[in-house]
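Asks: Residue numbers (the numbering used here): 24 to 235.
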Amino acid sequence: MAGRYEDELSDRVPMWMDAIEPLQAVRFDLDWDHAALLVIDMQHVFLEGSSKVQDAEPVIARVADLVSEFRRRERPVIFTRHLHKDDGSDGGNLMWWWGSVIRESSEGGELHKAIMPEEGDLVVRKNTYDAFNGTDLGKSLEEMGVTDVVVCGVMTNLCCETTAREAFCRDLRVKFVADGTSTAADSMQIATLINLAYGFAEVVVAEDLLSD
Numbered sequence: 024m025a026g027r028y029e030d031e032l033s034d035r036v037p038m039w040m041d042a043i044e045p046l047q048a049v050r051f052d053l054d055w056d057h058a059a060l061l062v063i064d065m066q067h068v069f070l071e072g073s074s075k076v077q078d079a080e081p082v083i084a085r086v087a088d089l090v091s092e093f094r095r096r097e098r099p100v101i102f103t104r105h106l107h108k109d110d111g112s113d114g115g116n117l118m119w120w121w122g123s124v125i126r127e128s129s130e131g132g133e134l135h136k137a138i139m140p141e142e143g144d145l146v147v148r149k150n151t152y153d154a155f156n157g158t159d160l161g162k163s164l165e166e167m168g169v170t171d172v173v174v175c176g177v178m179t180n181l182c183c184e185t186t187a188r189e190a191f192c193r194d195l196r197v198k199f200v201a202d203g204t205s206t207a208a209d210s211m212q213i214a215t216l217i218n219l220a221y222g223f224a225e226v227v228v229a230e231d232l233l234s235d
């Protein structure tokens, strides 16, 4: 993809966007005055550790740029961290399914140094795929007057997709950043993008949201 980014991910993103184009149900202009950025689980375990996603480095760059853009516009940047108690007692189905969880004292649970919250940023601790479930995220967005959310982070088909779907179900308008999210394989990435484009979110690329 010509433009701001020149990396291997940029070569694949146009194919993803071509795949979803016939199914993109709705397009809308982001209401910047009422928009927030949701940065999902940009933690070491997914970006450098045992569960590293396939496009970690280029996605880190794009998410960092999105964070900078929202800060420049003085719009909320909200981070999530997926964490469980050290004894695993709140592991629930995730422990049953995966056999392990991200424990709160682990280095893997820390946010990546390239994308760190600043004073005043909301950091949401969660223990399911859904950033709204069992958290104050929905209440906080309502109090901030947010109507539009931009979703980026990892993993695309787990926490990012689940959170985007729930945001839509809470009557928030959603933009989902195709090259600002990542997972284990392109097949999973494309499946999520197609499903969200059809029924839940406008799928965009990071450059669409960045100032020149």
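Virtual Cβ for every residue (Gly too), placed ideally from N, Cα, C.
1. Which of helix, strand or coil does DSSP assign to Phe-102?
2. What are the partner residues of Asp-171, as DSSP defines its beta bridges?
3. So, helix, strand or coil for Arg-95, using DSSP?
4. Let me know the secondary structure DSSP gives His-67 once reduced to three states.
5. Measuring CA to CA, which of Ile-101, Glu-71, Val-36, Ile-83 is closest to Asp-171?
6. Rounded C-beta distance between Val-76 and Thr-206? I'm assuming under 8 Å.
7. Spatial neighbours of Gly-72 within its chain, please: CB distance less than 6 Å, with the 5 preceding and 5 following residues excluded, ordered by chain position.
8. Taking the Cβ atom as the reference point for each residue, do Thr-204 and Val-177 lie within a distance shorter than 8 Å?
9. Hey, out of Leu-181, Val-227, Ser-74, Phe-155, whose CA is closest to Leu-195's CA?
10. Could you compute how far the alpha carbon of Phe-51 sits from the alpha carbon of Leu-117?
11. Using a Cβ-Cβ cut-off of 7 Å (strictly less than) and excluding sequence neighbours within five positions of Met-65, which residues of its own chain qualify?
12. Could you spell out where the beta strand (DSSP E) holding Arg-148 opens and where it closes?
13. Starting from Glu-130, follow the alpha helix (DSSP H) in both directions and report where the run begins and ends.
14. Near Leu-181, which residues of its chain fall below 6 Å by C-beta distance, leaving aside the five closest residues on each side in sequence?
15. I'd like the list of long-range same chain contacts for Leu-219, defined as Cβ closer than 7 Å, with 5 residues on each side in sequence excluded.
16. Please return the same chain residues whose Cβ sits closer than 7 Å to the Cβ of Thr-179, not counting the five positions on each side in sequence.
17. Figure out for me which residue from Ile-217, Trp-55, Lys-108 has the closest Cα to the Cα of Asn-150.
18. Is any heavy atom in the ligand NAD found nearer than 7 Å to the beta carbon of Leu-106?
19. Identify, in the order they occur along the chain, each residue of the same chain with its Cβ nearer than 8 Å to the Cβ of Leu-49, setting aside the five sequence neighbours on each side.
20. Would you decide whether Pro-45 is buried or exposed? Buried here means 16 or more other CB atoms lie within 10 Å of its CB.
21. Taking just the CA atoms, how far does Ser-74 sit from His-67?
22. Whole angstroms is fine: what's the gap from Thr-103's alpha carbon to Leu-232's?
Replies: So, from the listed chains and residues:
1. strand
2. Ala-58, Arg-196
3. helix
4. helix
5. Ile-101
6. In this structure Val-76 is in contact with Thr-206, their Cβ atoms being roughly 6 Å apart against a cut-off of 8 Å.
7. Within the same chain, Gly-72 has close Cβ partners Gly-131.
8. yes
9. Phe-155
10. 35 Å
11. Val-86, Leu-134, His-135, Ile-138, Gly-176, Val-177
12. 145-149
13. No alpha helix (DSSP H) contains Glu-130, which DSSP labels as neither H nor E.
14. Tyr-152
15. Result list for Leu-219: Glu-184, Ala-187, Phe-199, Val-226, in chain order.
16. Thr-204, Ser-205, Thr-206, Met-211, Gln-212, Thr-215
17. Lys-108
18. As far as ligands go, the structure on display features none, and thus does not contain the ligand NAD.
19. It should be noted that the sequence gives Val, not Leu, for residue 49. For Val-49, where only same-chain residues beyond five positions count, the Cβ hits under 8 Å are Glu-225.
20. A residue is called buried when at least 16 other Cβ atoms come within 10 angstroms of its Cβ; Pro-45 does not meet this threshold and is exposed.
21. 9 Å
22. 21 Å
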